[in-house]
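Under the numbering used here, the first residue of the sequence shown carries the number 182, and numbering increases by one thereafter. Idealized CB from N, CA, C, for every residue including glycine. The structure displayed is predicted, hence computed values, not measured ones.
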Amino acid sequence: MNNNKALSDLYPFLNENKKGVNTELLLASIQEKVADSINAKQAFFQKNEHKILRSAQIIAQCYQQNGHLFAMGNGGSSCDAAHITTEFMHPVTTGRKALSFTNLTADIATMTAVANDVGNAHIFLRQLLCWQEKTMF
182 MNNNKALSDL YPFLNENKKG VNTELLLASI QEKVADSINA KQAFFQKNEH
232 KILRSAQIIA QCYQQNGHLF AMGNGGSSCD AAHITTEFMH PVTTGRKALS
282 FTNLTADIAT MTAVANDVGN AHIFLRQLLC WQEKTMF
């Protein structure tokens, strides 16, 4: 797919009115993206509701036992790891307790040192080894 095709698919109004943005087409494009996002989330939940529930139960059990959670990811998933870590450690909801959570992608020095010395396959494992006696896998 070339860049023009990709842009046209995302923003169909761009090439239709060179003098200005057609507000109605822009709003329709935004509404379509919102609907697609909602549909994708609903389909994901319907397909995975039991796994999501079980995950929530495991997380709750971990914290009931004074456990600690970890997040990690490569590329865009490292941003997801940072986000979920923040949600647990600094809850948006007033009065909610901060929960023990570590983002393994946050320590760039450790990640690059491990990658350089022993390889990329070990960047998260090496960090987890420090926690092995207290970690629920």
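Exercise for the section: In angstroms with no decimal places, state the Cα-to-Cα distance between P272 and A224. Expected result: Along the sequence shown, read from residue 1 onward, the residue named residue 272 stands at position 91. Along the sequence shown, read from residue 1 onward, the residue named residue 224 stands at position 43. Going from the Cα of P272 to the Cα of A224 covers about 27 Å.
Handout entry: Cβ contact check for the region 294-305 and the region 257-269: 3 or more pairs under 8 Å
Key = no
Handout entry: Burial state of L285, where buried means 16 or more other Cβ atoms lie within 10 Å
Key = In the sequence shown, residue 285 corresponds to position 104, counting from 1. Buried is the call here.
Problem - Rounded C-alpha distance that separates I289 from R235 - result: On the sequence shown, residue 289 is found 108 positions in, with the first residue counted as 1. On the sequence shown, residue 235 is found 54 positions in, with the first residue counted as 1. Near 32 Å, if we compare the C-alpha coordinates of R235 and I289.
Practice task
Have a look at L191, A209, E268 and flag the residue whose alpha-carbon is nearest the alpha-carbon of L250.
Solution key: To locate residue 250, count along the sequence shown from 1; it is residue 69. Comparing Cα-Cα distances from L250 to each of L191, A209, E268, the minimum goes to E268.
Exercise for the section: Quick one: residues in its chain with C-beta nearer than 6 Å to the C-beta of L283, no 5 flanking neighbours on either side, listed in chain order? Expected result: Residue 283 sits at position 102 when you count from the first residue of the sequence shown. This sequence places Thr at residue 283; Leu is not what is there. F251, listed in sequence order.
Practice task
Only counting runs of 3 or more residues, tell me where the beta strand (DSSP E) segments fall wholly within the region 221-288, in order along the chain.
Solution key: 250-252, 282-284
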